[in-house]
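The structure appears below as C-alpha cells.
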Amino acid sequence: MRLFQMNQRTCLSIILAAGEGTRMKSTLPKVLHRIAGLPLVAHVAKAAQSAGAGNLALVVGHGGEKVRSAAESFAPEAEIFEQTERLGTAHAVLAARKAIERGHDDVLVMFGDTPLIDATALATARQRLADGAAVVVLGFRTENPTGYGRLIESGGKLRAIREEKDASEEERRVTFCNSGLMAISGRHALELLDGVGNANSKGEYYLTDIVEIAGARGLPVVATEASFENALGINNRAELAEAEAIWQKHRRRETMLAGVTLVAPDTVFFSHDTLIEADALVEPNVWFGPGVHVASGATIRAFSHLEGAKVASGAEVGPFARLRPGTDLKEKAKVGNFCEVKKAVVEKGAKVNHLTYIGDAHIGAGANIGAGTITCNYDGYLKFLTEIGEGAFIGSNSSLVAPVSIGNGAYVASGSVITESVPDDALAFGRARQKTLPEKARALRERRADAAKKK
Ligand code: UD1
Ligand code: CA
768 MRLFQMNQRT
778 CLSIILAAGE
788 GTRMKSTLPK
798 VLHRIAGLPL
808 VAHVAKAAQS
818 AGAGNLALVV
828 GHGGEKVRSA
838 AESFAPEAEI
848 FEQTERLGTA
858 HAVLAARKAI
868 ERGHDDVLVM
878 FGDTPLIDAT
888 ALATARQRLA
898 DGAAVVVLGF
908 RTENPTGYGR
918 LIESGGKLRA
928 IREEKDASEE
938 ERRVTFCNSG
948 LMAISGRHAL
958 ELLDGVGNAN
968 SKGEYYLTDI
978 VEIAGARGLP
988 VVATEASFEN
998 ALGINNRAEL
1008 AEAEAIWQKH
1018 RRRETMLAGV
1028 TLVAPDTVFF
1038 SHDTLIEADA
1048 LVEPNVWFGP
1058 GVHVASGATI
1068 RAFSHLEGAK
1078 VASGAEVGPF
1088 ARLRPGTDLK
1098 EKAKVGNFCE
1108 VKKAVVEKGA
1118 KVNHLTYIGD
1128 AHIGAGANIG
1138 AGTITCNYDG
1148 YLKFLTEIGE
1158 GAFIGSNSSL
1168 VAPVSIGNGA
1178 YVASGSVITE
1188 SVPDDALAFG
1198 RARQKTLPEK
1208 ARALRERRAD
1218 AAKKK
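Pasting the structure below:
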C-alpha cells in the first residue's frame, strides 16, 4: 500500500541498524528480532515504503552479515552500507553518503529498532519538507523522558535537541522528546551532516546536532508530534513484548473494523501478513503464523494454530486444529479437533474431523476421513504422497502407508493398514479377521487364577 505520492517528490530512507545493543542478550542482531513474525527493521522499511520512500539505504555495523542477508528477503532493493566504527548517529547516516549524494528531495532517517513508526507520521514529516522546512523532527511526549533527547523550543520554534547526558537540569524537565526520526531536505542534508562535530559527553557525532546547525544557518526547523507508541524503541525483550502487544492490539481492531468477528480479540494473534476476509469468524485463542489466508465465511474455532494455510469460504477449522504450511482447505471442508494437516489439499466438503494426521496428501471432494486416520508419509528418509479419491470413506484408525492411492468412492475398513492402492469403489480390509471363541474367557480366567494361587 502506497499512502503517499507527494506529487513526485523523490525520497530516500536511511535506516540505521548498526548499533549492537547487548541488552537483548542474544546472538541475533537486535533489529532481526521479530514482531508479528517480521524483523523489527523490516517493519521500519515497510513504513518507509508506504510513505513513498522509493529508495532505501540500510546502514549495518561492522560485519553485519546477518542483517545484510535478512535484507535480501524483506527489502531486496535496499542498498547496504557499512558503518565500520560506531561513532554516533550522524556518522552512521553519513555511511550512506553515496546514496545522499545522488540527490533526493526528501531524506528520512529512521532507526531500525523503532518498529511501530507508522507511515502517516512519516508522510506528515515529508509534507513539512514540501512546505519548506529543512529539518523535521518527529517528537513525542512522555511522563518519563529519561534517556531520550529533549526537544528544546523557544519562541514557538525548535532550537536544539539535547541528549540526556548533555542536558541541564532545566532541560531534563522537558517532556517533549526526540523519537529519533528525522526528515531532512535532500538539498541541505550533506552540508548539515558534515557540520556535526563530536564535542559532547559521549564523544559521538550526534544526528540531533543538525537542528542547531540548521538554525544557525537560518534554515527552517520544525517539530511534529507522534504518539509514544510510534516512537517506541526496542532495547530489551520486555520492550519487544510490549511492542508486540501494541502491534497485535492495532491489528485486532483493524481486522474487526474490516468485518471479521473476533469473539475474544485479546486472545487472537496475527502475523504481519495474515489475510482474513470480512465475515470470517475467529473463536478465542487462535494463533496465525505467517502466510495464512482465511476467506469470507470461514470459521476458525478455538485453540487452533495455523501457518502457511489457505482456508476457503465456509470451511471450518478446529477447535484444537493445527494447519501447517501447504494446507489448502477448499470450500466447506472441515478439519476438526486434534487434527494436523500439512502440505495437503482438502477438496470441497471433505471432512477430517477427529484425531488425524494428513501430510503430503490430496483428499477428494466429499471424502470422509475417520477418527485416528494417519497418512504414513515419511520413511525416515523421503516423503511420499497419499491420494484419496472423491467421496472415499476411510474407516477410523486406519494407516495409509504412502505412496498409496484410494480410489473415488472406495471404502477402507476401520483399523486397516493400507499398503497397496485401492481402486475406485472397492472395499479394502487391511487387518486380521476377528475370531470369537464362546465361553473361552471363563476358562482363561480360571487358569490364571489357579496359576496365581500356586505362587
Ligand atoms: C537517540 C537520539 C535521541 C532519541 C533516541 C530515541 C541521537 C544522538 N540521539 O538516542 O535523541 O531520543 O535515539 O530512541 O541521535 N546507531 C548507529 N551507529 C551509531 C550509533 C547509533 O547505527 O554509531 C543507530 C543505532 O543502531 C540505533 C540508533 O542509531 O538504531 C540510535 O542509536 P542509540 O545509540 O540507541 O541512540 P540513543 O542514545 O537511544
Ligand atoms: Ca536507543
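Here the sequence shown is numbered in this note's numbering, starting from 768 and rising by one per residue. Here a beta-carbon is modelled for each residue, glycine too, at the ideal position from N, C-alpha and C.
DSSP on K1222, reduced to helix/strand/coil?
Coil.
Can you look up G819 in the DSSP assignment and give me helix, strand or coil?
Reduced to three states, the DSSP call for G819 is coil.
For L1042, verify whether its CB is less than 8 Å away from any heavy atom of ligand 1.
L1042 has its CB no nearer than 8 Å to any heavy atom of ligand 1.
Using the C-alpha atoms, what's the distance from A812 back to A784?
For A784 and A812, the gap between their C-alpha atoms comes out near 11 Å.
Would a C-beta distance cut-off of 9 Å place R926 and G916 closer than the cut-off?
Result no, Cβ atoms of R926 and G916 do not sit closer than 9 Å.
H955: first and last residue of the uninterrupted alpha helix (DSSP H) it sits in:
Unbroken alpha helix (DSSP H) run through H955: G953 to D961.
Give every residue of the same chain whose Cβ lies closer than 6 Å to the Cβ of V1049, excluding the five residues on either side of it in the sequence, and list them in chain order.
The answer, listed in chain order, is L1029, V1035 and I1067.
Excluding five sequence neighbours on each side, which residues of the same chain lie with their C-beta closer than 7 Å to the C-beta of G899?
Once the five neighbours on either side are set aside, the close Cβ partners of G899 are P987.
Under 8 Å from any heavy atom of ligand 3, does the C-beta of G1137 make it?
Absence of ligand 3 is noted for the structure shown, with ligand 1 and ligand 2 being the only ligands found.
Tell me, which residues are paired with M949 by DSSP?
Answer by DSSP bridge pairing, in chain order: V876 and V904.
Which first and last residues belong to the beta strand (DSSP E) in which I782 is found?
From DSSP, the beta strand (DSSP E) with I782 extends over C778 to A784.
Would the beta-carbon of V941 fall within 9 Å of that of P912?
Contact: yes.
Hey, is G1158 close to ligand 1, as in C-beta under 8 Å from one of its heavy atoms?
With a threshold of 8 Å, the Cβ atom of G1158 does not count as near ligand 1, since no heavy atom of the ligand is closer than that.
If you check the beta carbons only, do T991 and R895 fall under 9 Å apart?
Taking 9 Å as the cut-off, the Cβ atoms of T991 and R895 count as close.
Given a cut-off of 9 Å on the beta-carbon distance, is the pair L959 and A901 in contact?
The criterion of a C-beta distance shorter than 9 Å is satisfied by L959 and A901.
State yes or no: is the C-beta of T851 nearer than 8 Å to some heavy atom of ligand 1?
No heavy atom of ligand 1 is found nearer than 8 Å to the CB of T851.
Quick check on this structure: which residue in E1107, C778, G1147 and E1157 has the alpha carbon closest to the alpha carbon of G1131?
G1131 has its Cα closest to that of E1157, out of E1107, C778, G1147 and E1157.
What do you reckon, is the C-beta of H800 under 8 Å from a heavy atom of ligand 1?
No.
Nonlocal neighbours in the same chain, by C-beta distance under 8 Å from A1216, ignoring five residues either side:
Exclusion of the five residues before and after A1216 leaves no residue of its chain whose Cβ lies closer than 8 Å to its Cβ.
Just to confirm, are S1238 and G1137 a CB contact at a threshold of 9 Å?
Absent from the structure is residue 1238, since the part of the chain shown begins at 768 and ends at 1222.
Determine the DSSP secondary structure at M768, reduced to helix, strand or coil.
Because M768 sits at a pLDDT of 42, beneath the cut-off of 50, its placement in the model cannot be relied upon, and the following sentence gives the value as read from the coordinates. M768 carries a coil assignment under DSSP once its states are collapsed to helix, strand and coil.
3 or more residues per run - each beta strand (DSSP E) lying fully within the segment 911 to 942
Runs found: 917 to 921 and 924 to 929.
Report whether the distance from the Cβ of R955 to the nearest heavy atom of ligand 1 is below 8 Å.
A quick correction: the sequence has His, not Arg, at residue 955. No, the Cβ of H955 stays beyond 8 Å of every heavy atom of ligand 1.
Which residue marks the beginning of the beta strand (DSSP E) containing E1154, and which one marks its end?
Looking at the DSSP string, the run of the beta strand (DSSP E) that includes E1154 is T1153 to I1155.
Let me check you understand the geometry: is the CB of L889 closer than 8 Å to at least one non-hydrogen atom of ligand 1?
No.
Between the Cα of L1073 and the Cα atoms of N1003, F1105, E1206 and R939, which residue gives the shortest distance?
Of the candidates N1003, F1105, E1206 and R939, the one whose C-alpha sits nearest the C-alpha of L1073 is F1105.
Can you tell me whether M768 is buried or exposed? The criterion is at least 16 other CB atoms within 10 Å of its CB, across all chains shown.
With a pLDDT of 42 at M768, under the threshold of 50, the predicted position of this residue should be treated as unreliable, though the coordinate-derived value follows. Its Cβ having fewer than 16 others within 10 Å, M768 is exposed.
Nearest to S840 by alpha carbon, out of Y1124, V808, G1174 and S1188?
Nearest C-alpha to S840: V808.
Please report the straight-line C-alpha distance between R893 and A866, rounded to a whole angstrom.
Using only the alpha carbons, I get a separation of about 18 Å.
What's the C-alpha gap between A1025 and I1013?
Going by the C-alpha atoms only, they are around 18 Å apart.
Roughly how many angstroms separate the alpha carbons of L764 and A815, rounded to a whole number?
Beyond the ends of the chain as shown, which are 768 and 1222, falls residue 764; an answer cannot be given.
Thinking just about the alpha-carbon of each residue, which of F1037, S1080, K969 and R1018 is nearest to the one in G1058?
It is F1037 whose Cα lies nearest to the Cα of G1058.
Who are S1183's beta bridge partners in DSSP?
BP columns for S1183 are empty, so no partner.
A1117 and D1127: beta carbons closer than 9 Å?
Judged by their CB atoms, A1117 and D1127 are not nearer to each other than the 9 Å cut-off.
Go through its chain and collect everything with a Cβ distance to D885's Cβ below 7 Å, but skip five positions before and after it.
For D885, where only same-chain residues beyond five positions count, the Cβ hits under 7 Å are A814 and N997.
Less than 8 Å between the CB of G914 and some heavy atom of ligand 1, yes or no?
Indeed, a heavy atom of ligand 1 lies less than 8 Å from the Cβ.
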